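> There's a structure below that I have some questions on.
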Amino acid sequence: MELRADSEKLGDNQPTIMVTLLGEYFVNRKWFSLCAETWNLAKLSYPIYILNDGSLTMGSQEKLVSMGFIVTPDTDVNEAVNSVLSNYPVIREMRKKSNLFKKIIDTSVFFREKILYVDSDVLFKKRFILPNDPPSLLFCIDDVPGYGGSWQVPLRYPIVNGLNSGFVYFNPNIIDLDYLEYICHNYLIMSKNIWWLEQTCWAILAARIQEKGIFEGRDACVISGLNKRTPDEIKLNKTTYFRRNKSISELENIEFLIRDAAVVHFAGPGKRWIEPIYEKIIDNFAEQKVSQLKWQNVENANWKEKLLIGLRMLLKG
16 MELRADSEKL GDNQPTIMVT LLGEYFVNRK WFSLCAETWN LAKLSYPIYI
66 LNDGSLTMGS QEKLVSMGFI VTPDTDVNEA VNSVLSNYPV IREMRKKSNL
116 FKKIIDTSVF FREKILYVDS DVLFKKRFIL PNDPPSLLFC IDDVPGYGGS
166 WQVPLRYPIV NGLNSGFVYF NPNIIDLDYL EYICHNYLIM SKNIWWLEQT
216 CWAILAARIQ EKGIFEGRDA CVISGLNKRT PDEIKLNKTT YFRRNKSISE
266 LENIEFLIRD AAVVHFAGPG KRWIEPIYEK IIDNFAEQKV SQLKWQNVEN
316 ANWKEKLLIG LRMLLKG
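Residue numbers (the working numbering): 16 to 332.
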């Protein structure tokens, strides 16, 4: 599918919305309610949309509406997406296998605004504004290149390193369904491990875009246990591959690590820090200075990085 716009930048005249994908499991977790409260306290000037993963009960949808969120009608989203995916049978099958594909497919098909996609375990530590002149894709760097599928993907095709899809600011025009259908058909559909396939798709799409960047690690970062990266690597947006550091579990160390950050994605085991960090920030949230998220250009993975990514994908299956 051709890109739907000539410009790769997120145009000033194109409105922004915030979107998150939710299911019944996540809505009932305490850490989600804490994160969601900070989304409202941040007072972003964008409406917050909830994509239903198909499991939200009517009661949960009503609860989300009472929190000020807009729950997209599941039937409307599925009708729009299924209509488009009638020409993309492999993507349609991938979406059935993993709800995570709704983060990349449903958002880009159903919405036309600029999208700030935010996972349910992302905490806003203080108020912020998005960059004034961003590229068409901004993302955070993960502890490791969390990619699934065939190890041949990074060796045969351009890819970015360490992309985490939990806090992404993007133009839906960048989602090339023809390219995704080809990659999914040849390298992803046969994979038994479905969890990281969606991030592989983001990473190969990002590599085809000239105008892309990463949020500075001091402003927006991913914390998932510090089993892989050192604090300096997180701040400097460095990913790693196999090394394991001693896990950091002391709250004061986590506080120091994220002291300047406005956005923290507490991925995986990092969720255990959401509540204690929330309790530290909530009373003074309104007094925090509003900061603009900074970003920097990012290059595609070089050959050494591609080989390491491929080796990791091979070992992880």
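We put the CB at the ideal spot given by N, CA and C, even for glycine. What you are looking at is a predicted structure, and each value in this text was computed from that prediction instead of being measured.
Here's a check: name, in chain order, each residue in its chain whose Cβ is nearer than 6 Å to the Cβ of D21, leaving out the five neighbours to either side.
Position 6 of the sequence shown, counted from the first residue, corresponds to residue 21. Residue placement at D21 is flagged as unreliable, the pLDDT there being 32, under the threshold of 50; the coordinate-derived value follows with that caveat. There are no such residues.
> Between the stretch 54 to 65 and the stretch 132 to 144, do at least 3 Cβ pairs fall closer than 8 Å?
Flag = yes, the stretch 54 to 65 and the stretch 132 to 144 touch.
> In chain order, what are the residue ranges of uninterrupted alpha helix (DSSP H) at least 4 long that sit wholly in the stretch 260 to 330?
Listed in chain order, they are 266 to 272, 289 to 296.
> Keeping to the same chain, check which residues put their C-beta closer than 8 Å to that of V133; ignore five residues upstream and five downstream.
Residue 133 sits at position 118 when you count from the first residue of the sequence shown. Result list for V133: M33, V34, T35, W54, G181, F182, in chain order.
> Just to confirm, are I130 and L192 a CB contact at a threshold of 8 Å?
The residue labelled residue 130 in the question sits at position 115 within the sequence shown. The residue labelled residue 192 in the question sits at position 177 within the sequence shown. Contact: no.
> Between S81 and I209, how many whole angstroms is the CB-CB distance? I'm expecting something under 8 Å.
In the sequence shown, the residue the question calls residue 81 occupies position 66. In the sequence shown, the residue the question calls residue 209 occupies position 194. Not a contact, Cβ separation roughly 33 Å.
> Closer than 6 Å by C-beta to V99: which residues in its own chain qualify, once you throw out the five before and the five after it? Chain order, please.
Residue mapping note: residue 99 aligns to position 84 of the sequence shown, counting from 1. Excluding residues within five positions, the ones whose Cβ falls inside 6 Å are V124.
> Can you name, in chain order, every residue of its own chain whose Cβ lies under 7 Å from the Cβ of Y162, other than the five neighbours on each side?
In the sequence shown, the residue the question calls residue 162 occupies position 147. So the list reads W211, Q214, T215, A218, I324, M328, once near-sequence residues are dropped.
> So for A218, helix, strand or coil by DSSP?
Position 203 of the sequence shown, counted from the start, is the residue given in the question as residue 218. DSSP places A218 in helix when its eight states are reduced to three.
> So what does DSSP say about K129, is it helix, strand or coil?
Here residue 129 is taken as the residue at index 114 of the sequence shown, counted from 1. Reduced to three states, the DSSP call for K129 is strand.
> Are the beta-carbon atoms of F47 and S135 separated by less than 8 Å?
Start at 1 with the first residue of the sequence shown, and residue 47 comes out as number 32. Start at 1 with the first residue of the sequence shown, and residue 135 comes out as number 120. Yes; because the gap between Cβ atoms is below 8 Å, this pair is in contact.
> Within this structure, are the beta carbons of A235 and A282 separated by less than 8 Å?
Against the sequence shown, residue 235 aligns to sequence position 220. Against the sequence shown, residue 282 aligns to sequence position 267. No, these two residues do not count as a Cβ contact at 8 Å.
> When the distance is taken between beta carbons, is V313 closer than 8 Å to K227?
For the purposes of this step, residue 227 is taken as the residue at position 212 of the sequence shown. For the purposes of this step, residue 313 is taken as the residue at position 298 of the sequence shown. Going by C-beta atoms, K227 is nearer than 8 Å to V313.
> Comparing C-alpha positions only, which one of N268, V305, N201 sits nearest to P291?
Here residue 291 is taken as the residue at index 276 of the sequence shown, counted from 1. Measuring from the Cα of P291, the nearest candidate turns out to be N268.
> Would you kindly report the start and end of the unbroken alpha helix (DSSP H) that includes M73?
The residue you call residue 73 lines up with position 58 of the sequence shown. Run containing M73: 73 to 81, per the alpha helix (DSSP H) assignment.
> Could you work out which residue in N93, F84, Y61 is closest to D68 when comparing CA atoms only?
Within the sequence shown, the letter at position 53 stands for residue 68. Cα-wise, what sits closest to D68 is N93.
> Under 8 Å Cβ to Cβ from Q311, same chain only, skipping five residues before and after it: list those, please.
In the sequence shown, the residue the question calls residue 311 occupies position 296. These residues qualify, in order along the chain: G228, I229, E231, N252.
> So, with DSSP's three-state summary, where would you put T255?
Taking the first residue of the sequence shown as position 1, residue 255 is located at position 240. Looking at T255 - three-state DSSP - the assignment turns out to be coil, as it is neither helix nor strand.
> Quick check on A57: does DSSP put it in helix, strand or coil?
Within the sequence shown, numbered from 1, the residue matching residue 57 stands at position 42. Correct three-state label for A57: coil.
> Could you have a look at L18 and say whether DSSP puts it in helix, strand or coil?
Indexing the sequence shown from 1 puts residue 18 at position 3. Summary for L18: the model assigns pLDDT 30, below 50, so the residue's position carries little reliability, and this model does not support an answer.
> Hey, how far is the Cα of L322 from the Cα of R171?
As a first step, residue 322 must be located in the sequence shown, where it is residue number 307. As a first step, residue 171 must be located in the sequence shown, where it is residue number 156. About 10 Å.
> Using CA atoms only, rank isn't needed, just tell me which of V86, E265, F84 is closest to G285.
Locating residue 285 in the sequence shown gives position 270, counting from the first residue. Of the listed residues, the one whose Cα sits closest to G285 is E265.
> Taking the C-alpha atoms as reference points, what is the distance between Q76 and V86?
Taking the first residue of the sequence shown as 1, we reach residue 76 at position 61. Taking the first residue of the sequence shown as 1, we reach residue 86 at position 71. Their backbone Cα atoms lie some 7 Å apart in a straight line.
> Taking C-beta to C-beta, are I65 and L49 nearer than 8 Å?
For this step, residue 65 is matched to residue 50 along the sequence shown. For this step, residue 49 is matched to residue 34 along the sequence shown. No. Outside cutoff.
> Tell me the rounded alpha-carbon separation between E320 and L37.
Translated into positions along the sequence shown, residue 320 becomes position 305. Translated into positions along the sequence shown, residue 37 becomes position 22. Using only the alpha carbons, I get a separation of about 33 Å.
> Between the beta-carbon of R223 and the beta-carbon of P173, is there less than 8 Å?
On the sequence shown, residue 223 is found 208 positions in, with the first residue counted as 1. On the sequence shown, residue 173 is found 158 positions in, with the first residue counted as 1. Yes, the pair counts as a contact, with Cβ atoms nearer than the cut-off.
> If you run the structure through DSSP and keep just helix, strand and coil, what is K141?
Here residue 141 refers to the residue found at position 126 when the sequence shown is read from its first residue. Correct three-state label for K141: coil.
> Quick check: the Cα distance between R127 and P187, rounded to an integer number of angstroms?
Here residue 127 corresponds to residue number 112 of the sequence shown, with the count starting at 1. Here residue 187 corresponds to residue number 172 of the sequence shown, with the count starting at 1. Whole-angstrom Cα-Cα distance: 7 Å.
> Check whether the Cβ atoms of P160 and G177 sit closer than 8 Å, and answer yes or no.
The residue you call residue 160 lines up with position 145 of the sequence shown. The residue you call residue 177 lines up with position 162 of the sequence shown. Taking 8 Å as the Cβ cut-off, P160 and G177 qualify as a contacting pair.
> With N67 as the anchor, note down where its alpha helix (DSSP H) starts and where it stops.
Taking the first residue of the sequence shown as 1, we reach residue 67 at position 52. Careful: N67 lies outside any alpha helix (DSSP H), inside the beta strand (DSSP E) at 63 to 67.
> In the structure shown, what three-state DSSP assignment does K207 receive?
Numbered from its first residue, the sequence shown carries residue 207 at position 192. Correct three-state label for K207: coil.
> Using the Cβ count rule (16 or more neighbours within 10 Å means buried), how would you classify Y379?
Since the first residue shown for the chain is 16 and the last is 332, residue 379 is missing from the structure and cannot be characterised.
> So M2 and I204 are supposed to be a Cβ contact under 8 Å. How far apart are they, rounded?
Not covered by the structure: residue 2. The range shown for the chain is 16 to 332.
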